[in-house]
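Asks: Residue numbers (the numbering used here), protein chains in the order written: chain A, 2 to 424; chain B, 2 to 424.
#1: Assign residue 399 of chain A to buried or exposed, taking buried as 16 or more other Cβ atoms, counted over all protein chains shown, within 10 Å of its Cβ.
#2: Residues of chain B with CB closer than 9 Å to the CB of residue 56 of chain A, please, in chain order.
#3: Who are residue 353 of chain A's beta bridge partners in DSSP?
#4: May I have a chain-ordered list of the alpha helix (DSSP H) segments no shorter than 4 residues that lie completely inside the segment 82 to 157 of chain B?
#5: Contact between the segment 259 to 273 of chain B and the segment 8 to 24 of chain B is defined here as three or more beta-carbon pairs at a separation below 8 Å; is this criterion met?
#6: Residue 435 of chain A versus chain B: which residues are under 8 Å apart at the beta carbon?
#7: Following the continuous alpha helix (DSSP H) through residue 358 of chain A, name the residue where it begins and the one where it ends.
#8: Give me the chain A residues within the contact set of residue 102 of chain B, using Cβ-Cβ distance strictly less than 7 Å, ordered along the chain.
#9: For residue 37 of chain A, name the three-state secondary structure that DSSP assigns.
#10: Would you kindly work out how many angstroms separate the C-alpha atoms of residue 174 of chain B and residue 52 of chain B, rounded to a whole number?
#11: Could you name the residues of the segment 86 to 110 of chain A whose beta carbon sits closer than 7 Å to any beta carbon of chain B, in the order they occur along the chain?
#12: Starting from residue 183 of chain A and walking both ways along the beta strand (DSSP E), at which residues does that stretch end?
#13: Could you say which of B:258, B:353, B:300, B:368 lies nearest to residue 347 of chain B if we only look at CA atoms?
#14: Using the beta-carbon of each residue, which ones in chain B are nearer than 8 Å to residue 115 of chain A?
#15: Can you list the residues of chain B that residue 43 of chain A reaches, using a CB-CB cut of under 9 Å?
#16: On a Cα-Cα basis, can you pick out the residue from A:126, A:191, A:220, A:25 that is closest to residue 83 of chain A?
#17: Under 8 Å Cβ-Cβ, which residues of chain A neighbour residue 290 of chain B?
#18: Who are the neighbours of residue 144 of chain A on chain E, taking C-beta pairs under 7 Å?
#19: If the criterion is Cβ atoms closer than 8 Å, does the pair residue 46 of chain B and residue 312 of chain A meet it?
#20: Just the chain B side, please: which residues come within less than 8 Å of residue 125 of chain A by C-beta, in chain order?
#21: Who are the neighbours of residue 38 of chain B on chain A, taking C-beta pairs under 8 Å?
#22: Quick one, are the C-beta atoms of residue 355 of chain B and residue 421 of chain B less than 8 Å apart?
#23: Going along the chain, which residues of its own chain have a beta-carbon closer than 6 Å to the beta-carbon of residue 66 of chain A, five neighbours each way excluded?
#24: For residue 162 of chain B, write down the residues that DSSP places opposite it in a beta bridge.
#25: Identify, in the order they occur along the chain, each residue of the same chain with its Cβ nearer than 6 Å to the Cβ of residue 388 of chain B, setting aside the five sequence neighbours on each side.
#26: Give me the Cα-Cα distance between residue 140 of chain A and residue 390 of chain A, rounded to the nearest whole angstrom.
#27: Three or more C-beta pairs closer than 8 Å, one from the segment 372 to 384 of chain B and one from the segment 119 to 127 of chain B: is that the case here?
#28: In whole angstroms, give me the CA-to-CA distance for residue 215 of chain B and residue 78 of chain A.
#29: Am I right that residue 187 of chain B and residue 194 of chain B are in contact with their C-beta atoms under 8 Å? What's the rounded C-beta distance?
#30: Return the first residue and the last residue of the beta strand (DSSP E) that residue 252 of chain B is part of.
#31: Any idea if residue 248 of chain B is buried or exposed, counting beta-carbon neighbours within 10 angstroms, 16 or more meaning buried?
#32: Find out if the Cβ-Cβ distance for the pair residue 246 of chain A, residue 271 of chain A is shorter than 8 Å.
#33: Output yes or no for whether 8 Å exceeds the beta carbon distance between residue 70 of chain A and residue 392 of chain B.
#34: On the DSSP letters alone, give me the boundaries of the beta strand (DSSP E) that residue 218 of chain B sits inside.
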């Protein structure tokens with residue numbers, strides 16, 4: 002196979018005609034295939050149907066009635082289970098409702114309105130505050146900072162995490178940089194895990210702003226595709242060792258362990274940070290749904306059992322990641338118009354097409370019935386400077402649909418590339 | 002029985018000695034009785050144990066999988082059930098998580114940071130904003146406004162609702178008055194329901210501030226103690242009729258219908274207000290726990306079934322309200338040192354002792370093992386200008402404990418009154 006840059010105009014025109022014919026055939030099938038969101042499939046959520054098997058007794062082991070008011074920061078056994086999973090102490094853990102995104106939003110809102118532990122002034126009372134945004138990244142993170150009017154600075158992602166030279170340089174000089182979004186494990190969408198060095202540098206770097214905080218969205222901590230899996234350093238430990246115990250707020254949830262719409266979430270940080278924010282949250286709510294916490298602890302049991310459950314998830318979705326790689330390889334290898342990662346966990350495959358071709362590729366796919374995350378969504382303000390990155394979310398569709406969608410996407414990638422080269 | 006003001010010093014001293022003896026006897030029993038929060042008792046929450054009976058299939062009637070992501074504003078059948086209950090259209094209803102307090106907090110936060118539908122400027126960008134706070138009222142409401150630094154103006158409660166002459170006068174003159182807390186039915190703690198006239202005046206009054214909003218916490222809409230019950234006018238209808246369709250945000254929940262820690266909540270307003278805030282909430286979360294919504298709709302079924310369930314609640318707690326009235330009457334009638342209401346619904350009895358005696362009464366009770374809501378808590382800033390109001394929450398303790406607690410409280414009321422009179 003020749004790379005496209007070695008083809009002459011005639012060859013490209015010819016290939017374009019072939020592709021257009023295939024494309025039209027797909028279009029005429031009136032397909033409706035959705036690969037836009039990182040959503041577990043039905044077979045995956047079925048794995049947790051046992052969640053409601055033990056509802057006869059809704060009291061904690063200490064005899065607390067989960068059906069009634071109380072326990073702002075969650076039931077003790079849930080705090081302990083998460084503490085064990087993340088190698089923390091239970092006092093560092095706050096257990097919330099069904100959405101860790103909501104906990105992150107609430108954290109930003111509290112930092113903005115009232116200030117967090119150790120703040121001299123709320124963020125909202127300071128001018129032109131900024132956040133560092135490793136990109137490609139998670140569109141919903143960027144949407145939050147954008148809604149709060151926080152300026153976003155794009156940080157390129159390298160193979161071992163965000164570009165730390167750039168990060169350290171910026172935070173050491175600019176006091177208006179107040180925070181940073183991180184998905185440190187099987188990052189959305191690049192699938193890569195921050196190296197120990199990157200974690201240590203984030204934990205220990207000098208920041209001009211004393212109220213600089215890291216939002217550590219550890220969403221995919223247990224979401225391995227293979228038995229031999231990535232490992233992530235405990236940043237809360239590292240931050241404490243480095244003398245920055247209050248720098249990091251970690252978040253996670255069972256959304257992609259049990260039920261995406263009905264799991265439980267956690268926030269973890271230093272004891273002081275958690276004690277401080279508990280006081281603030283006590284004004285916001287009497288407490289989160291403890292019945293769901295209790296059912297989760299009973300169903301998930303212990304880290305070993307969770308590991309087994311996650312292996313079942315992997316067995317369902319690994320073939321989907323494989324199918325994406327197989328079809329993209331078959332159709333595009335050697336053409337020099339696309340590259341993509343083969344993540345060892347998480348929910349996404351990050352695809353880069355020729356610069357200036359992502360939007361067009363996604364539009365072509367859409368017209369042929371394949372919905373992808375909008376091009377650019379993985380960058381702050383939806384603005385991918387290279388117009389090159391496309392996020393593929395392979396978990397939800399059945400393999401057969403996924404294969405069709407990837408065949409179509411391959412055609413669209415080629416078509417957009419030829420259009421671009423022909424100019 | 003003589004009123005205390007007709008007793009001379011000697012008689013008072015004698016009575017004080019008698020009371021102190023009884024008080025010491027109670028103290029020596031080392032009791033621990035909690036009447037501080039409006040908390041359903043175990044027998045009440047047991048009424049909803051059937052909630053988890055139908056968990057085999059977690060799909061909505063339209064085939065939507067409640068276990069997975071999606072449906073920001075809740076499942077359609079939940080919206081429709083609440084719409085029917087409150088005589089609204091489903092498009093006016095947003096179904097949330099387990100806490101309506103959290104929805105109210107979130108509303109204030111959004112008004113403060115971003116502004117709501119129809120706002121020219123967020124509240125947080127305006128100076129010295131104020132809220133009207135009918136009092137005695139709900140301490141958690143006041144805690145929210147206090148946290149946001151919103152100045153609170155106490156509005157006296159009359160028999161048919163807040164003092165509307167004062168309310169109308171203030172809002173017509175002062176542009177910095179941006180909102181008002183209301184618990185319009187079986188109000189916390191007075192137990193009274195706003196009259197039709199009051200509702201219409203609130204809906205139609207002229208306000209200097211265009212961004213004046215009413216937080217209508219309809220927490221006790223179905224919480225009648227008797228078959229013949231209070232009725233509340235639909236303020237959303239009245240506000241629309243009066244040309245102020247966007248003035249009112251209504252809140253309610255199933256916290257005291259099913260499970261206080263595990264119910265579902267709603268926010269209702271004009272279609273435009275709901276459409277506007279849905280966009281804002283879409284940044285905050287992907288959605289609330291829909292499994293719990295589905296289980297609630299299946300368990301609660303329809304308004305008639307809810308009425309029957311609420312009748313069972315009433316049968317459990319009515320004897321507790323009766324016991325409070327019986328014991329207070331027996332011990333205090335005719336003494337001129339206390340008056341209290343006999344509510345027809347809700348969760349509280351509002352007790353007024355002699356001016357300057359509430360704090361002392363609560364402290365005496367505490368010392369004898371009876372925990373009450375702190376005196377003053379029912380007023381903005383915890384400041385009851387008369388130091389007279391005490392909130393009694395009779396639902397949680399068993400009747401026998403409640404009777405003991407009320408005997409003790411009666412002694413404390415008398416003791417505090419005598420101390421006060423003797424000076």
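Every residue, glycine too, gets a C-beta built ideally from N, C-alpha and C.
Replies: Taking the structure as given:
#1: exposed
#2: 50, 52, 53, 54, 56
#3: A:340, A:390
#4: 101 to 114, 140 to 148
#5: no
#6: A query on residue 435 of chain A cannot be resolved here, the shown segment of chain A reaching from 2 to 424 and no further.
#7: Counting along the chain, residue 358 of chain A sits inside no alpha helix (DSSP H), nor does DSSP assign it H or E at all.
#8: 286, 287
#9: coil
#10: 50 Å
#11: 98, 99, 100, 102, 103, 106, 110
#12: 178 to 183
#13: B:258
#14: 148
#15: 66, 68, 69
#16: When only C-alpha atoms are compared, the closest one is A:220.
#17: 98, 99, 262, 263, 290, 293
#18: Absent here is chain E; the protein component of the structure consists of chains A and B.
#19: no
#20: Result: 114, 125.
#21: Correct list: 70.
#22: With contacts defined by Cβ atoms closer than 8 Å, residue 355 of chain B and residue 421 of chain B form a contacting pair.
#23: 60
#24: In DSSP, residue 162 of chain B forms a bridge with B:159.
#25: So the qualifying residues of the chain are 357, 359, 360.
#26: 13 Å
#27: no
#28: 40 Å
#29: 6 Å
#30: 249 to 254
#31: buried
#32: yes
#33: Between residue 70 of chain A and residue 392 of chain B, the CB-CB gap reaches or exceeds 8 Å.
#34: 214 to 218
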